[in-house]
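**Student:** Residues in the sequence shown are numbered from 41 upward in steps of one, following the working numbering.
Structure in structure tokens, see below.
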Amino acid sequence: MMDILFVSGALLYAAILLFFGSGIIREIRRRKRAESGPLPLVSVLIPARNEESGIEATLESLRSQDYPPDRFEVLIIDDRSADGTAAIAKNFIDRNGLTHFRLLRHQPEHEGPTYKKNALSYAMRYAAGEIIMTTDADCRVQRTWISSMVSCYDSETGLVAGLITFGREDEKNLFHRLQTLEFAGLVFTGVGAIGNGYPIICNGSNLSYRRRAFDEVGGYQGHQHLPSGDDDLLMQNLHHQTGWKIRYNLAPESVNFTHPVDTPAQFFHQRARWASKGSHYPDPLTTALLVAIYLLYLTLLFSLPLTLLGVLSPAALGAGWAAVLLPEMGIMYLALRHLKRRDLWPLVPLAKILQVPYIVIAGLAGFFSFYQWKETPETEIKIVPGQEG
41 MMDILFVSGA LLYAAILLFF GSGIIREIRR RKRAESGPLP LVSVLIPARN EESGIEATLE
101 SLRSQDYPPD RFEVLIIDDR SADGTAAIAK NFIDRNGLTH FRLLRHQPEH EGPTYKKNAL
161 SYAMRYAAGE IIMTTDADCR VQRTWISSMV SCYDSETGLV AGLITFGRED EKNLFHRLQT
221 LEFAGLVFTG VGAIGNGYPI ICNGSNLSYR RRAFDEVGGY QGHQHLPSGD DDLLMQNLHH
281 QTGWKIRYNL APESVNFTHP VDTPAQFFHQ RARWASKGSH YPDPLTTALL VAIYLLYLTL
341 LFSLPLTLLG VLSPAALGAG WAAVLLPEMG IMYLALRHLK RRDLWPLVPL AKILQVPYIV
401 IAGLAGFFSF YQWKETPETE IKIVPGQEG
């Protein structure tokens with residue numbers, strides 16, 4: 041009986057992976073450019089808390105955009121930083137005479153939550169753009185980023201997600217390389233879901249949407265209190281509550297770059313925070329899908345002990361793992377080929393084995409909000425209104 045349940049669960053997981061894989065192929069082939077027309081005004085929002093080590097490089101990459109300077113603005117939101125983030129940003133703006141860059145100060149003067157969504161909501165009061173774009177204060181964007189993302193919009197498109205990966209120069213060890221591989225899998229799961237018309241996940245480090253679409257769903261209303269979800273939950277609300285189309289931009293010139301974390305503890309807290317929003321997804325089918333995948337990972341975690349105890353047969357153990365691993369290697373090949381990182385493909389089996397326990401533990405930690413963010417326990421964080429700087 042256990043053999044049948046284990047293999048059946050693995051085959052269900054394989055079917056889910058094939059669904060995502062077909063969506064990836066469909067989205068890669070799509071590559072449709074929107075019709076030409078007047079360039080829209082774009083507002084780029086960058087929430088920043090204690091990002092003094094990377095904020096200048098991020099702003100430098102935005103200063104070099106090939107999009108006309110009079111058609112975009114950059115709003116840096118200093119979210120109660122305790123370091124030199126605001127001073128570095130202000131000095132960069134003044135030194136380069138960037139009249140289309142602006143520093144906003146979001147200070148803790150009132151009680152309330154202080155998550156990234158609060159900083160973004162605050163910036164929306166000042167954003168003048170028809171298209172809103174977001175990235176993080178430790179990301180590096182290409183000079184073609186804005187123009188590439190804007191080119192994906194037609195009159196029916198409300199949100200365009202973009203690719204995010206780690207730069208090769210930031211990979212100092214095997215741990216970093218495994219993060220690049222695992223992150224590519226997460227990102228392209230989102231690509232596959234959007235490709236099949238069923239958006240689930242995207243990443244706020246490379247995201248854009250129409251201001252009108254954002255307002256139609258009430259912004260972050262309903263999940264403002266959550267530490268994450270300024271990307272996934274907003275996209276899902278747009279999908280379920282409006283008629284706007286959602287697209288993924290796979291053009292190489294739109295890819296943004298960020299950095300891997302340096303310690304397993306940082307990785308755990310980051311992934312647990314991401315997992316915390318899963319139970320708040322608006323679509324019951326998506327929640328059921330995540331629960332089913334979690335249960336499979338739980339079974340995979342204990343599959344070897346169950347085999348040693350004689351509860352699960354060796355044949356079922358091999359068949360189940362093969363059903364999980366083979367389609368995953370196929371999807372990862374598609375993802376890594378597109379990112380020009382096929383050198384990481386041989387690491388897929390090792391990454392999968394290591395992923396099983398972390399998914400189980402991080403998923404549980406996320407559900408019970410057991411994680412930290414920005415060196416502050418999430419449950420202890422209070423607010424953020426602010427004032428313009």
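Beta carbons are placed, not taken as given, at the ideal position from N, Cα and C, and that holds for glycine.
Everything numeric in this text was worked out from a predicted model, so none of it was measured.
1) Excluding the 5 residues preceding and the 5 following Ala50 in the sequence, name in chain order all residues of the same chain whose CB lies nearer than 6 angstroms to its CB.
2) Using 8 angstroms for Cβ pairs, my map puts Leu247 next to Gly202. What's the rounded Cβ distance?
3) How is the alpha helix (DSSP H) around Leu226 delimited, first residue to last?
4) Going along the chain, which residues of its own chain have a beta-carbon closer than 6 angstroms to the beta-carbon of Ala291, five neighbours each way excluded?
5) So Gly63 and Ala233 are in contact, right, with Cβ under 8 angstroms, and what is the actual spacing, rounded?
6) Quick one: what's Glu91 bridged to in DSSP?
7) If you run the structure through DSSP and keep just helix, strand and coil, what is Tyr166?
8) DSSP state of Ser353, grouped into three classes?
9) Between the stretch 212–224 and the stretch 251–262, can you find at least three pairs of beta-carbon atoms closer than 8 angstroms?
10) CA-CA distance, Ile86 and Ile116?
11) Have a look at the DSSP bridge pairing and note the partners of Ala201.
12) In chain order, what residues of the same chain lie with their CB nearer than 7 angstroms to the CB of Ala159, ignoring the 5 residues before and after it?
13) With distances taken between CB atoms, is the gap from Thr347 to Leu336 smaller than 8 angstroms?
14) Can you tell me the Cβ-Cβ gap for Gln235 and Tyr288, rounded? I've got them flagged as a contact below 8 angstroms.
15) From the DSSP output, which residues share a beta bridge with Glu96?
16) Taking the alpha carbon of Gly318 as the point to measure from, which residue in Asp271, Thr174, Leu344, Pro354 has its own alpha carbon closest?
17) Nearest CA to the CA of Arg66: which residue from Glu211, Val231, Phe46, Pro78?
18) Pull the bridge partners of Phe112 from the DSSP assignment, please.
19) Identify which residue in Gly61, Pro109, Pro239, Tyr155 has its Cα closest to the Cα of Val200.
20) Figure out for me which residue from Ser83, Leu376, Ser409 has the closest Cα to the Cα of Tyr8.
21) Alpha carbon to alpha carbon, how far is Trp185 from Thr98? Give it in angstroms, no decimals.
22) Please say whether Leu273 and His320 have beta carbons closer to each other than 8 angstroms?
23) Over the uninterrupted beta strand (DSSP E) stretch that includes Thr174, give me the two end residues.
24) When the Cα of Glu196 is compared with those of Leu278, Ala126, Glu211, which residue comes out closest?
25) Let me know the secondary structure DSSP gives Phe342 once reduced to three states.
26) Within the chosen definition, does the stretch 171–186 reach the stretch 292–305 through at least 3 CB pairs nearer than 8 angstroms?
27) Looking at Gln395 and Phe307, is the spacing between their C-beta atoms short of 8 angstroms?
28) For Gly429 and Ile286, I'd like the C-alpha separation in whole angstroms.
29) Relative to the C-alpha of Asp123, which residue among Leu102, Leu52, Ser104, Asn90 is closest?
30) Whole angstroms are fine: how far does the CA of Asp323 sit from the CA of Asp110?
31) Does DSSP classify Thr17 as helix, strand or coil?
32) Alpha carbon to alpha carbon, what distance is there between Ser48 and Ile498?
33) What are the boundary residues of the alpha helix (DSSP H) that includes Thr125?
**Tutor:** Taking the definition as stated:
1) Here residue 50 refers to the residue found at position 10 of the sequence shown. The residues are Gly360, Ala363, Val364.
2) In the sequence shown, counting from the first residue as 1, residue 247 sits at position 207. In the sequence shown, counting from the first residue as 1, residue 202 sits at position 162. Rounded, the Cβ-Cβ distance is 7 angstroms, consistent with contact.
3) Translated into positions along the sequence shown, residue 226 becomes position 186. For Leu226, the enclosing alpha helix (DSSP H) stretches over residues 214–235.
4) As a first step, residue 291 is located in the sequence shown; it is residue number 251 there, counting from the start. Once the five neighbours on either side are set aside, the close Cβ partners of Ala291 are Ser188.
5) The sequence position of residue 63 within the sequence shown is 23, counting from 1. The sequence position of residue 233 within the sequence shown is 193, counting from 1. About 6 angstroms; that satisfies the 8 angstroms criterion.
6) Position 51 of the sequence shown, counting from 1, holds the residue named residue 91. In the DSSP output, where bridge partners are listed per residue, Glu91 has none listed.
7) Within the sequence shown, numbered from 1, the residue matching residue 166 stands at position 126. Note: Tyr166 maps to coil in three-state DSSP.
8) Within the sequence shown, the letter at position 313 stands for residue 353. The answer is coil: DSSP assigns Ser353 none of H, G, I, E or B.
9) No, because fewer than three Cβ pairs between the stretch 251–262 and the stretch 212–224 fall closer than 8 angstroms, the two stretches do not touch.
10) Along the sequence shown, read from residue 1 onward, the residue named residue 86 stands at position 46. Along the sequence shown, read from residue 1 onward, the residue named residue 116 stands at position 76. Their backbone Cα atoms lie some 5 angstroms apart in a straight line.
11) Here residue 201 refers to the residue found at position 161 when the sequence shown is read from its first residue. Its beta-bridge partners are Leu247, Tyr288.
12) In the sequence shown, counting from the first residue as 1, residue 159 sits at position 119. Cβ within range, chain order: Pro87, Ile117, Asp119, His146, Val424.
13) Numbered from 1 along the sequence shown, position 307 holds the residue referred to as residue 347. Numbered from 1 along the sequence shown, position 296 holds the residue referred to as residue 336. Not closer than 8 angstroms, so no.
14) Your numbering for residue 235 matches position 195 in the sequence shown. Your numbering for residue 288 matches position 248 in the sequence shown. In the sequence as displayed, the identity of residue 235 is Gly instead of Gln. Between Tyr288 and Gly235 the Cβ distance is about 7 angstroms, and since that is below 8 angstroms, they are a contact.
15) Within the sequence shown, residue 96 is the residue found at index 56, counting from 1. DSSP output for Glu96 lists no bridge partner at all.
16) Within the sequence shown, the letter at position 278 stands for residue 318. Here the closest residue by C-alpha is Asp271.
17) Residue mapping note: residue 66 aligns to position 26 of the sequence shown, counting from 1. With distances taken between Cα atoms, Arg66 lies closest to Val231.
18) On the sequence shown, position 72 is the one that residue 112 refers to. According to DSSP, Phe112 bridges with Val82.
19) For this step, residue 200 is matched to residue 160 along the sequence shown. It is Pro239.
20) Since the first residue shown for the chain is 41 and the last is 429, residue 8 is missing from the structure and cannot be characterised.
21) On the sequence shown, residue 98 is found 58 positions in, with the first residue counted as 1. On the sequence shown, residue 185 is found 145 positions in, with the first residue counted as 1. Their Cα atoms are separated by approximately 12 angstroms.
22) Residue numbering aside, residue 320 sits at position 280 when the sequence shown is read from its first letter. Residue numbering aside, residue 273 sits at position 233 when the sequence shown is read from its first letter. Against a cut-off of 8 angstroms, the Cβ pair of Leu273 and His320 comes out as a contact.
23) Counting from one through the sequence shown, the residue named residue 174 turns up at place 134. Residue range 171–174 is occupied by the beta strand (DSSP E) that includes Thr174.
24) Locating residue 196 in the sequence shown gives position 156, counting from the first residue. Per the Cα distances, Leu278.
25) Start at 1 with the first residue of the sequence shown, and residue 342 comes out as number 302. Note: Phe342 maps to coil in three-state DSSP.
26) yes
27) Position 267 of the sequence shown, counting from 1, holds the residue named residue 307. Position 355 of the sequence shown, counting from 1, holds the residue named residue 395. Cβ distance not < 8 angstroms, so Phe307 and Gln395 don't count as in contact.
28) As a position in the sequence shown, residue 429 is number 389, starting the count at 1. As a position in the sequence shown, residue 286 is number 246, starting the count at 1. For Gly429, the predicted structure reports a pLDDT of 41, less than 50, and the residue's modelled location is therefore unreliable. A value from the coordinates is still provided. Roughly 34 angstroms between the two C-alpha positions.
29) The sequence position of residue 123 within the sequence shown is 83, counting from 1. Checked all of Leu102, Leu52, Ser104, Asn90; the closest Cα to Asp123 is Asn90.
30) Here residue 110 refers to the residue found at position 70 when the sequence shown is read from its first residue. Here residue 323 refers to the residue found at position 283 when the sequence shown is read from its first residue. Near 40 angstroms, if we compare the C-alpha coordinates of Asp323 and Asp110.
31) It is not possible to answer for residue 17, since the shown part of the chain is limited to 41 through 429.
32) Since the first residue shown for the chain is 41 and the last is 429, residue 498 is missing from the structure and cannot be characterised.
33) For this step, residue 125 is matched to residue 85 along the sequence shown. Note, Thr125: alpha helix (DSSP H), 125–136.
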